[in-house]
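A short worksheet on the structure shown next.
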Amino acid sequence: MTRPLQPLRATQRLQFHKDFTLDDAVPLVPYFASLGISHVYASPLLKARAGSMHGYDVVDPTVINPELGGEPALLRLVSALREHGMGLILDIVSNHMAVGGADNPWWLDLLEWGRRSPYAEFFDIQWNSPDPLLEGQLLLPFLSSDYGTVLQ
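So for the sequence shown, numbering that gives the first Met the number 0 puts the first residue at 0; every next one is plus one.
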């Protein structure tokens, strides 16, 4: 039986990855409920780079990560949470995507087709430039080291 959701009182953040899937969390739900946890706060669940340990490197924002168990496992977790009157908070990382490899078809399409790509509107790109030679061009900074080092 599904219980009414409780107001947010306390959260338990779970970091999902290939070695700790959505199904791995299901048996923990009764324990969290016994502690007074009202909501599970989930790390990003969208399809990320293979082997991602954090999920902030999304490659397909339309799919629940198969490495985490996919949509069927998400539905099982949600069902377990509802049985205990608990909610689920999702970290959706709308401003993160993995680039630099062949595993993100939206990014690759954008690189090939520019603003004509059907995915162009999903990226925050300034296509208009005061320099006519750069009009409609995608400019990317490639750093020689990590961001913090380059800033110094």
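Every residue gets a Cβ at the ideal spot worked out from N, C-alpha and C, and that includes glycine.
Please read all numbers here as calculations on a predicted model, not as lab measurements.
Which residues DSSP lists as bridging residue i, in chain order
i, result
"Gln11", "Val39"
"Ala47", "Val57"
"Phe19", "His16"
Residue i: first and last residue of the uninterrupted alpha helix (DSSP H) it sits in
i, result
"Asp90", "Looking at the DSSP string, Asp90 is not in any alpha helix (DSSP H), and its letter there is neither H nor E."
"Trp112", "104 to 112"
"Ser143", "Run containing Ser143: none; DSSP gives neither H nor E here."
"Leu76", "69 to 82"
"Tyr30", "28 to 33"
Residue burial classification, residue i (beta-carbon count within 10 angstroms, cutoff 16)
i, result
"Arg48", "buried"
"Asn94", "exposed"
"Gly54", "buried"
"Trp112", "exposed"
"Ile88", "exposed"
"Gln91", "According to the sequence as given, residue 91 is Ile; it is not Gln. By the 10 Å Cβ count, Ile91 comes out exposed."
"Asn103", "buried"
"Phe141", "exposed"
Run of the beta strand (DSSP E) containing residue i, from where it starts to where it stops
i, result
"Val58", "57 to 63"
Neighbourhood of residue i by C-beta distance below 6 Å, restricted to the same chain and skipping five residues each side
i, result
"Trp105", "Tyr118"
"Leu45", "Val57, Pro60"
7 Å CB neighbourhood of residue i in its chain, flanking five on each side removed
i, result
"Gly50", "Lys17"
Within-8 Å CB hit, residue i to chain E
i, result
"Thr10", "The structure shown contains no chain E; it is built from a single protein chain."
Distance cut-off 7 Å: residue i Cβ against heavy atoms of the ligand SAM
i, result
"Arg75", "As presented, the structure is devoid of all ligands, the ligand SAM included, so that no description of it is given."
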